[in-house]
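Engineer: With the first letter of the sequence shown counted as 1, position 305 gets the number 306 in the working numbering; the numbers rise by one all the way through.
For each residue, glycine too, the CB sits at the ideal point set by N, CA and C.
Keep in mind it's a predicted model, so treat the numbers as computed, not measured.
There's a structure below that I have some questions on.
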Amino acid sequence: MTTRTQTTLTETQRGPAERLLDVVLGASAHLWHHRPGLDVAGTWVAAAHADAKAQARGRKVAPGLFVPAAVKLYGQLLELYRLNPTLMAHFASYALTQTDWRDLKVATCALMLVQEHAGLPVRDGQGQVAFHDDDFRAIGEAMVLHYVRRSTRMLTPKAVLRVAELLETPEIARLNRAAGFGDPASRKPPLGRWKRVAQKWLAAREANLPMLQGLVKAGYKETLKKLARKAGYKPASQGFFEVLGWKQKQAEAGHREVGLHGLTLVKRERFDGLSEAEICEWIELERLSYKEVVGRLPKDVGLTPAILAALLPSLSDRDLRLMTPTLEELGLLAEASVKARWERAVSRATDQRSLNIAKNVRGEDLRRKLEEASDNAARQAVAEATADADVRVMFLIDKSGSMEGAIEQSKEALSRILAGFPLDKLHVAAFDTMGTVLQPKAASRVAVQHMLAGLKASGGTVHGAAVYALHRAGVRIPEAAKLVVMVVGDEAGEAGDQFARAFRASGYTVAAMALLVNVAGARGNTVRTGASQLGVPFSEVSVGQFADPYQVPRVLQALMDAPRVAGASQSGWVDRVMSTPLLKVA
């Protein structure tokens, strides 16, 4: 039986499956930030919310691309590509069509557009073309050109532009040159096929002016201009410039032909001089969006309850959740129809950002419902990961003395994730040298916090004590179900074979094991060694990752995807990635 012990392998022995899990379980969710931040030892921290320690240690960074996170993520993707280009190609296709991780889409697309498998001819000993190499750059092109009406799983104009911005970043350009993806002597960063595919993307929108108008209406006008300039796009008609309201002038060489004369520019006039009622009429008549309106409002009018109410049909569920403090301040959530729409948006949350938004509202009811949105995101992630299998989960929580100073972080992480699991399929026990079975009163963050409140760090460490405690409490796993074990702690405990023996003695057949690493002092190896003894896949993720509201759902999905074949050592999540069809240019 083949086994995989991820963290005990040397760097040279770790395979592509392990590195792929590293990308999902350990990479930053965000590369671009829209507000000032601090670089604290390579981690981005919002400047406005940084504590005194972070302020003292951190280096100020402007809004935009956070280079340390970009270099880390791109470097991980590049290493995965070196080990297995085919897996990287499937992962890029998976990232675009199966995830909502926007910055991962940008990074994988950038790599696929510049990597070396470009469909070039391979010649035999006589110099004749024997065959053509795989053209994985075409996957990068397909990622840019992929279009599904009303879908959020495609590249936005901003994302297409960011692909180039990422590739032009000096640190990323150096990685690409070192990998052999560009001329090492060139001063220009390797862009691969970006310009060509960006021109195709723009041409498709120019040929469909309603689509172009829709992008302008959605607030992408300036982005489209930047995209056209960077790609060196030459429009075929004046309509392109007219829709963008883009006045043209002759180039110094005098070679410009299109858009110089007779342009009827579409301008966004300000609403100065109009009353609130007249502005609302314009919004309803022209079906204007929030982005189209907010910058055109007169200072003496501003964003009023009536204007925002007129704009509500244009707001997405995500917009509504983000704007909760504004809706509360303007009193719109007192309206039954608006409240019902907002509650639907909360029920459909796919990330846990609502926990941050909850800090900025005054009403207790709103705060509670925003916290429910966080629970909903975790539930959805678990439901998607377990849709085709009966999965049971054991959480084993280390509360031994070695966790002094770290147990509170374990509690916070668990409060974000445990609410995602159905109570009848969730089994929780804490341990030192004795195991204690825990049971939340409800599947909610508040109930989990209540359950964990009494945990204090003390005593020795015997992981198996939690397993035996669950067995004594009558916990039995159906034969057809898959058991995923998640341990929270530092692994410093008994020998791994003793931990494995606890499962066998209790009659539990483990399908996969994961460690949520939370280290206050020394790090042990009980869990990974136990996984090796049981011959099951092992994954690990830092508890700190669960502080990121966007990272929680994707980490849960990866951890919960138990192997599909009994005894297989590869994660079922990796199998899912490999089964994703490669994108093709239409």
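Along the chain, which unbroken stretches of the beta strand (DSSP E) at least 3 residues long are found entirely within the region 367-419?
Structural biologist: As far as the region 367-419 is concerned, its whole beta strand (DSSP E) runs of at least 3 residues are 392-399.
Engineer: Considering Cα atoms alone, identify which of 393, 488 and 454 is closest to residue 476.
Structural biologist: In the sequence shown, counting from the first residue as 1, residue 476 sits at position 475. Looking at the Cα atoms, 393 is the closest of the given residues.
Engineer: Quick check on the DSSP output: what are the complete beta strand (DSSP E) runs of length 3 or more inside the region 454-519, in order along the chain?
Structural biologist: Entirely contained in the region 454-519, the beta strand (DSSP E) runs reaching 3 residues are, in chain order, 483-490 and 511-518.
Engineer: Which residues mark the beginning and the end of the beta strand (DSSP E) in which residue 429 is found?
Structural biologist: Position 428 of the sequence shown, counted from the first residue, corresponds to residue 429. Per DSSP, residue 429 belongs to the beta strand (DSSP E) from 427-432.
Engineer: Go ahead and pull the three-state DSSP assignment for residue 11.
Structural biologist: Translated into positions along the sequence shown, residue 11 becomes position 10. Annotation note: pLDDT 41 at residue 11 (below 50); position unreliable, coordinate value reported separately. DSSP places residue 11 in coil when its eight states are reduced to three.
Engineer: So, for residue 12: in the same chain, excluding its five sequence neighbours on each side, which residues have a beta-carbon less than 7 Å away from its beta-carbon?
Structural biologist: Counting from one through the sequence shown, the residue named residue 12 turns up at place 11. Here the model assigns residue 12 a pLDDT of 43, short of 50, so the residue's position is not dependable and the matter cannot be decided.
Engineer: Does the region 524-531 come within contact of the region 547-557, defined as at least 3 CB pairs closer than 8 Å?
Structural biologist: At 8 Å Cβ cutoff, the stretches do not touch.
Engineer: With respect to the beta strand (DSSP E) encompassing residue 27, which residues constitute its N-terminal and C-terminal limits?
Structural biologist: Here residue 27 refers to the residue found at position 26 when the sequence shown is read from its first residue. Premise fails: residue 27 lies in the alpha helix (DSSP H), 17-27, not in any beta strand (DSSP E).
Engineer: Please list the segments of the beta strand (DSSP E) lying wholly inside the region 109-137, counting only runs of 3 or more residues, in order along the chain.
Structural biologist: Here the runs fully enclosed are 122-124 and 130-133.
Engineer: Express the C-alpha separation of residue 122 and residue 129 in angstroms, rounding to a whole number.
Structural biologist: Looking up residue 129 in the sequence shown gives position 128. Looking up residue 122 in the sequence shown gives position 121. Taking the straight line from one Cα to the other gives about 9 Å.
Engineer: In its own chain, which residues sit with a C-beta less than 6 Å from the C-beta of residue 518, not counting the 5 before and 5 after it?
Structural biologist: Within the sequence shown, residue 518 is the residue found at index 517, counting from 1. These residues qualify, in order along the chain: 541 and 543.
Engineer: Measure the beta-carbon distance from residue 342 to residue 298 and round it to whole angstroms, keeping in mind my assumption that it falls under 8 Å.
Structural biologist: Your numbering for residue 342 matches position 341 in the sequence shown. Your numbering for residue 298 matches position 297 in the sequence shown. Not quite, the Cβ-Cβ distance comes to about 22 Å (not below 8 Å), so this is no contact.
Engineer: Can you confirm whether the region 154-165 touches the region 100-115 when touching is taken to mean that 3 or more C-beta pairs between the two stretches lie within less than 8 Å?
Structural biologist: These segments touch.
Engineer: Looking at C-alpha atoms only, which residue of 391, 427, 434 and 396 is the closest neighbour of residue 402?
Structural biologist: Within the sequence shown, numbered from 1, the residue matching residue 402 stands at position 401. Closest option to residue 402, Cα to Cα, is 434.
Engineer: Name the residue from 234, 498 and 367 whose alpha carbon lies nearest to the alpha carbon of residue 334.
Structural biologist: Counting from 1 along the sequence shown, the entry for residue 334 is found at position 333. The shortest Cα separation from residue 334 among 234, 498 and 367 belongs to 367.
Engineer: Can you give me the start and stop residues for the beta strand (DSSP E) that residue 539 sits inside?
Structural biologist: Residue numbering aside, residue 539 sits at position 538 when the sequence shown is read from its first letter. Start and end: 539-543.
Engineer: Taking DSSP as the reference, what is the three-state secondary structure of residue 60?
Structural biologist: In the sequence shown, residue 60 corresponds to position 59, counting from 1. Reduced to three states, the DSSP call for residue 60 is strand.
Engineer: Take the Cβ of residue 455 as the centre, count every other Cβ of all protein chains shown within 10 Å, and call the residue buried at 16 or more, exposed below.
Structural biologist: In the sequence shown, the residue the question calls residue 455 occupies position 454. So residue 455 counts as exposed.
Engineer: Going by alpha carbons, who is nearest to residue 188 out of 196, 194 and 178?
Structural biologist: As a first step, residue 188 must be located in the sequence shown, where it is residue number 187. Looking at the Cα atoms, 178 is the closest of the given residues.
Engineer: With a CB to CB cut of under 6 Å and the five nearest residues on each side skipped, what residues in its chain are close to residue 200?
Structural biologist: Taking the sequence shown and counting its residues from 1, the one referred to as residue 200 is at position 199. So the qualifying residues of the chain are 232 and 234.
Engineer: Mapping the DSSP letters down to three states, classify residue 147 as helix, strand or coil.
Structural biologist: Counted from its first residue, the sequence shown places residue 147 at position 146. Looking at residue 147 - three-state DSSP - the assignment turns out to be coil, as it is neither helix nor strand.
Engineer: Measuring only the C-alpha atoms, how far is residue 411 from residue 350?
Structural biologist: As a first step, residue 411 is located in the sequence shown; it is residue number 410 there, counting from the start. As a first step, residue 350 is located in the sequence shown; it is residue number 349 there, counting from the start. Whole-angstrom Cα-Cα distance: 24 Å.
Engineer: Just checking my contact of residue 448 with residue 439 at CB under 8 Å: how many whole Å lie between their CB atoms?
Structural biologist: Taking the sequence shown and counting its residues from 1, the one referred to as residue 448 is at position 447. Taking the sequence shown and counting its residues from 1, the one referred to as residue 439 is at position 438. Wrong, their Cβ atoms sit about 11 Å apart, outside the cutoff.
Engineer: Could you check the C-alpha separation between residue 62 and residue 277 for me, to the nearest Å?
Structural biologist: As a first step, residue 62 must be located in the sequence shown, where it is residue number 61. As a first step, residue 277 must be located in the sequence shown, where it is residue number 276. Going by the C-alpha atoms only, they are around 39 Å apart.
Engineer: Reducing DSSP to helix, strand and coil, say where residue 31 ends up.
Structural biologist: Here the question's residue 31 lines up with position 30 in the sequence shown. Note: residue 31 maps to coil in three-state DSSP.
Engineer: Counting Cβ pairs closer than 8 Å, one from the region 193-212 and one from the region 169-176, do we hit at least three?
Structural biologist: Contact between the region 193-212 and the region 169-176 is absent, because fewer than three Cβ pairs lie under 8 Å.
Engineer: Using 9 Å as the threshold, is the C-beta distance between residue 37 and residue 48 below it?
Structural biologist: On the sequence shown, position 36 is the one that residue 37 refers to. On the sequence shown, position 47 is the one that residue 48 refers to. A contact, by the Cβ cut-off of 9 Å.
Engineer: Give me, in chain order, the residues of the same chain whose beta-carbon lies closer than 7 Å to that of residue 224; leave out the 5 immediate sequence neighbours on both sides.
Structural biologist: Working through the sequence shown from its first residue, we reach residue 224 at position 223. Excluding sequence neighbours, residue 224 sits near 158, 159 and 162.
Engineer: In this structure, how does DSSP classify residue 581 when only helix, strand and coil are distinguished?
Structural biologist: The sequence position of residue 581 within the sequence shown is 580, counting from 1. Looking at residue 581 - three-state DSSP - the assignment turns out to be coil, as it is neither helix nor strand.
Engineer: Does residue 302 come out as helix, strand or coil in the three-state DSSP assignment?
Structural biologist: Within the sequence shown, residue 302 is the residue found at index 301, counting from 1. It is coil, neither helix nor strand.
Engineer: Pop quiz: residue 489 and residue 513 are said to be a contact at Cβ under 8 Å. What is the actual Cβ separation, rounded to whole angstroms?
Structural biologist: For the purposes of this step, residue 489 is taken as the residue at position 488 of the sequence shown. For the purposes of this step, residue 513 is taken as the residue at position 512 of the sequence shown. No, residue 489 and residue 513 are not in contact; Cβ-Cβ is about 16 Å, not under 8 Å.
Engineer: Grab the span of the beta strand (DSSP E) containing residue 45 for me, first residue to last.
Structural biologist: In the sequence shown, residue 45 corresponds to position 44, counting from 1. Unbroken beta strand (DSSP E) run through residue 45: 44-47.
Engineer: Counting Cβ pairs, one atom from each stretch, are 3 or more of them under 8 Å apart for the region 56-72 and the region 81-90?
Structural biologist: These segments do not touch.
Engineer: Do the CB positions of residue 561 and residue 386 come within less than 9 Å of each other?
Structural biologist: The sequence position of residue 561 within the sequence shown is 560, counting from 1. The sequence position of residue 386 within the sequence shown is 385, counting from 1. Closer than 9 Å, so yes.
Engineer: Check for me: the alpha helix (DSSP H) holding residue 176 runs from which residue to which?
Structural biologist: In the sequence shown, counting from the first residue as 1, residue 176 sits at position 175. Its alpha helix (DSSP H) spans residues 171-179.
Engineer: Taking the beta carbon of residue 566 as the centre, do at least 16 other beta carbons fall within 10 Å, making it buried, or is it exposed?
Structural biologist: Taking the sequence shown and counting its residues from 1, the one referred to as residue 566 is at position 565. Model confidence at residue 566 stands at a pLDDT of 47, short of 50, so the residue's coordinates are unreliable and nothing is read from them.
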